[in-house]
Each structure stands twice: as structure tokens, then as C-alpha cells.
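Trainee:
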Amino acid sequence: MTLVSPSDTGLFYFPDFVREGEFVSATGADEMNHLTKVMRKKSGDKIYITDGKGTLIFGVITQLSRKELTLSVLSAEQQNNRFERFTVLLPILKNPDRFEFAFEKSVELGFTRFKAVKFQHSVKFAVNLDRLNLKAIAAMKQSLRSHLPRIEYSDSLNSALTQGGIPLYFNQNAPSDLSEDFRDSGASYLLVIGPEGGFSSFEIEILKTGVSYRLSRGRLRAETAVITAASLLANKIDFQ
-9 MTLVSPSDTG LFYFPDFVRE GEFVSATGAD EMNHLTKVMR KKSGDKIYIT
41 DGKGTLIFGV ITQLSRKELT LSVLSAEQQN NRFERFTVLL PILKNPDRFE
91 FAFEKSVELG FTRFKAVKFQ HSVKFAVNLD RLNLKAIAAM KQSLRSHLPR
141 IEYSDSLNSA LTQGGIPLYF NQNAPSDLSE DFRDSGASYL LVIGPEGGFS
191 SFEIEILKTG VSYRLSRGRL RAETAVITAA SLLANKIDFQ
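Going by the numbering used here, the letters in the sequence shown line up with residues -9 to 230, in that order.
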């Protein structure tokens, strides 16, 4: 039998689907519109769906309308969230597009926990969590992942650190690169990247409880630093 992956069929997000025996029923106006009008799916087509909680269903469409989807289940699995112990503290940036770009790329790399942080050197702009949640859904589907990311807002680094976890922060003057192996650690971690203008002296002081790493010998833009740090760490996590 020819193997079929989500990249062949597309991945669709239905957070409240109901499974009864070998059939799944799902509703959702936006996703139904995407299925019928954009992807032109029809009865007999095979697709993957997820609830954003790690459940991945592969099935054949037996009924499809503007309001409801019914699938005959061919396979179902519950995927582990290997990124659950890691929270990315995203610095609020002057340019919202750059901020959103860094967020989307981090989601595509697999991270599922985020805090948009107003550092002391951050330039103020309104964080639209509803818009970011829509971006998270799109990036999750695009990268064929089954865990929907969550993003919250913190008005300071100190506030963001109160959730617990070991800070991993990146500093151009740090003595070493990111070389840790997190495979056998059960600890939780906070991935901390500074804003435009860098960390304040107060923030550097409270980060001393964590571990500092160097990303590059040159100076990186904040959004580049986010994506670089996320890429390096994801490579260690995703292939454990």
C-alpha cells in the first residue's frame, strides 16, 4: 500500500471533532470553507485532521457540506509534544511584521509555548493575541504539526520568569555556543532573546539564575536571533 502523509493530503484543524467508532464528525465554518472552496475536497478524498491537542486522524471523506464533515477513520495516533518543556520569550519589536515573522517561524520549528514580553528596552506596540492565535493555527497546519501553540503576554521579563523554568539566554559576549544535550533532562526551560537595544542591566542581573550562550560572533537583529536560537534548539529537541 502506498503511504500517504499530511504533506500529500493537507492537514486541517477541527478542535471539537467528535469520534464515534470508525467515524469522525467535525464542524467549523473557516475550515469547511477552506476544504470545499480552496482545496476543492470531495467525498472519497483522503485527508488528515487534528484537534491541536496531539491527535492526528487520517480518513476518507464520506460526507462534506458547507457545515459538516464526516470521515471514515483509516488511522489515528496521539503524538507526543516534545517541545512542551520549552517556552519561547519573544521580545516585542518595533516592527510588528518582524515580530510575527519570528513567531511564525518558531511555530513551524515546533515550539508550542510562547510569551510576548515587553522588555525594558522594548518599543511599545499593541500585541494582538487574537491575530497571533490565527497565525499559530496557520503555521501549525503549514508545518504539519498536531499541537496548537499558545501565546500569552507579559509586561516584563521578571513577570515572564515567574512561571518557573531555567532561563537559556543569548548574549554576544557569552563564553560558549549552545552545545547542551537536553535529551535526558526533565527540566523546563525558558528561551530568552533580548529586544532591540538588548537587555537592560536589571534584566541581565535577574537572568544570572540561567545559562548564557552565544548565537553568533556578529550582532544579529532581534528577529534573526529568535529564529536562530529556535532553530538550534529545535534541532536538538525534534530528533531526540
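Glycine included, every Cβ here is placed at the ideal spot set by N, Cα and C.
#1: Which of the three DSSP states, helix, strand or coil, is assigned to VAL117?
#2: Rounded to whole angstroms, what is the Cα-Cα separation between MET(-9) and GLY155?
#3: Whole alpha helix (DSSP H) runs in the region 44 to 109 with 4 or more residues, listed along the chain?
#4: Cβ atoms of LEU25 and LEU54: under 8 Å apart, would you say?
#5: Go through its chain and collect everything with a Cβ distance to LYS57's Cβ below 7 Å, but skip five positions before and after it.
#6: Using a 10 Å radius around the Cβ and a threshold of 16 neighbouring Cβ atoms, would you call LYS32 buried or exposed?
#7: Nearest to SER144 by alpha carbon, out of ILE127, TYR3, ALA116 and ALA215?
#8: Can you list, in chain order, the residues of its chain with a C-beta nearer than 6 Å to that of GLU67? Leave out the 5 residues immediately preceding and following it.
#9: Over the uninterrupted beta strand (DSSP E) stretch that includes THR40, give me the two end residues.
#10: What does the alpha-carbon distance come out to for the pair ALA219 and LEU180?
#11: May I have a chain-ordered list of the alpha helix (DSSP H) segments no shorter than 4 residues that lie completely inside the region 126 to 167?
#12: Can you give me the Cβ contacts of LEU284 inside the same chain, cut-off strictly under 6 Å, excluding the 5 residues immediately before and after it?
#13: Which one or two residues does DSSP pair with ALA177 in a beta bridge?
#14: If the criterion is Cβ atoms closer than 8 Å, does the pair THR40 and SER136 meet it?
#15: Hey, quick one: how far does the beta strand (DSSP E) through PHE2 stretch, first residue to last?
#16: Since VAL8 is in the alpha helix (DSSP H), which residue starts that stretch and which ends it?
#17: Return the first residue and the last residue of the beta strand (DSSP E) that SER15 is part of.
#18: With H, G and I counted as helix, E and B as strand and the rest as coil, what does DSSP make of MET(-9)?
#19: Here's the rule I'm using: 16 or more other beta-carbon atoms within 10 Å means buried, otherwise exposed. How should PRO165 be labelled?
Mentor: Taking the geometry as given:
#1: Three-state result, VAL117: coil.
#2: Summary for MET(-9): the model assigns pLDDT 42, below 50, so the residue's position carries little reliability; its value from the coordinates is reported in the next sentence. The straight-line gap from Cα to Cα measures roughly 45 Å.
#3: Counting only runs that start and end inside the region 44 to 109, the alpha helix (DSSP H) elements of at least 4 residues fall at 86 to 98.
#4: Yes; because the gap between Cβ atoms is below 8 Å, this pair is in contact.
#5: Cβ within range, chain order: THR17 and MET22.
#6: Of the other Cβ atoms in all chains shown, fewer than 16 fall within 10 Å of the Cβ of LYS32; this residue is therefore exposed.
#7: If we check each option's Cα against that of SER144, ALA116 comes out closest.
#8: Cβ-Cβ distances below 6 Å link GLU67 to LEU46 in the same chain, with the five nearest sequence neighbours on each side left out; the list follows chain order.
#9: Per DSSP, THR40 belongs to the beta strand (DSSP E) from 36 to 40.
#10: Rounded to whole angstroms, the gap between the alpha carbons of ALA219 and LEU180 is 12 Å.
#11: 147 to 151, all fully within the region 126 to 167.
#12: In this structure the chain extends from -9 to 230, so residue 284 is not present and cannot be described.
#13: Bridge partners of ALA177: none, in fact.
#14: Taking the C-beta atoms as reference points, SER136 is found nearer than 8 Å to THR40.
#15: Run containing PHE2: 1 to 3, per the beta strand (DSSP E) assignment.
#16: Taken as a continuous stretch (DSSP letters only), VAL8 belongs to no alpha helix (DSSP H), being part of the beta strand (DSSP E) at 8 to 10.
#17: According to the DSSP assignment, SER15 belongs to the beta strand (DSSP E) that extends over 13 to 16.
#18: Only weak support is given to the placement of MET(-9): the predicted model assigns it a pLDDT of 42, under 50, and the value that follows is read from those uncertain coordinates. Looking at MET(-9) - three-state DSSP - the assignment turns out to be coil, as it is neither helix nor strand.
#19: Exposed, by the Cβ-count rule.
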